[in-house]
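The structure appears below as structure tokens.
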Ligand SMILES: [Zn+2]
């Protein structure tokens, strides 16, 4: 057997505000992936982590925190500087108010079997920066330490080699989390049937898949060999 295979499952942002029918930023069919994810949670992943988008009310990603005319949810963009280096900037889309700390919209959906989750990571708590990735804000020169989660550290402490990413939304937080997982040195997969996109068009899905592929993230199917390897750990 392969002693070097230690898989982790990361469930990204399966929260009320990202799900129909009442979510402020609902992803079509977002709630429908919960049963598939609950089945994955029963597999012998060495670490099972759920993330939560968890913003203060003055968060930079809320369109309502910006001035006219550049304050339209979904269509306006903002250029955000690295708080520790104004020369590094990142242009980011603005959103409706969502996942505010302490509100019902920030809760994990009740369909998710959280009794099988080992750790919940809250992200996006620094009002100055957007944070799609569950690892880091999108700055590198330097990394914004105040915004970093302890996710990479938790995975390393558990000896994780491979990371399987699922959840919402495929074209934002799932993509960024998966790409950062590769950067942190993990073999990384996105499970196609267990994620949904903000832009669910075929064209957008292909674009995201291509960007992930270029970064070393592999899209896989539930029935593929990668998850068969996880399932086979139950038999040893
Ligand atoms: Zn957010």
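Residue numbers (full-length UniProt numbering): 1 to 236. Just so you know, even glycine gets a beta-carbon here, dropped at the ideal spot from N, CA and C.
Residue from the options with nearest C-alpha to residue i
i: residue 199; options: 14, 153 and 74; result: 74
i: residue 131; options: 42, 51, 39 and 192; result: 51
i: residue 13; options: 175, 147, 212 and 213; result: 175
i: residue 192; options: 208, 137, 182 and 97; result: 208
i: residue 84; options: 185, 141 and 187; result: 141
i: residue 91; options: 23, 139 and 144; result: 139
Identified DSSP bridge partners for residue i
i: residue 93; result: 77
i: residue 8; result: 47 and 163
Rounded straight-line distance, which links the Cα of residue j to that of residue i
i: residue 55; j: residue 27; result: 18 Å
i: residue 172; j: residue 234; result: 33 Å
i: residue 1; j: residue 230; result: Note that residue 1 has pLDDT 48, beneath the 50 cutoff, so the model's placement of it is unreliable and the number below is only indicative. The alpha-carbon atoms of residue 1 and residue 230 are separated by roughly 12 Å.
i: residue 151; j: residue 109; result: 21 Å
i: residue 7; j: residue 70; result: 43 Å
i: residue 77; j: residue 114; result: 34 Å
i: residue 217; j: residue 47; result: 19 Å
Residue i CB to nearest heavy atom of ligand 1 below 8 Å
i: residue 130; result: yes
i: residue 213; result: no
i: residue 53; result: yes
i: residue 23; result: no
i: residue 124; result: yes
i: residue 90; result: no
i: residue 127; result: no
Exercise. At 3 residues or longer, and completely inside the segment 138-193: list those beta strand (DSSP E) runs for me, N to C.
Key: The segment 138-193 contains, as complete beta strand (DSSP E) runs of 3+ residues, the segments 162-168 (chain order).
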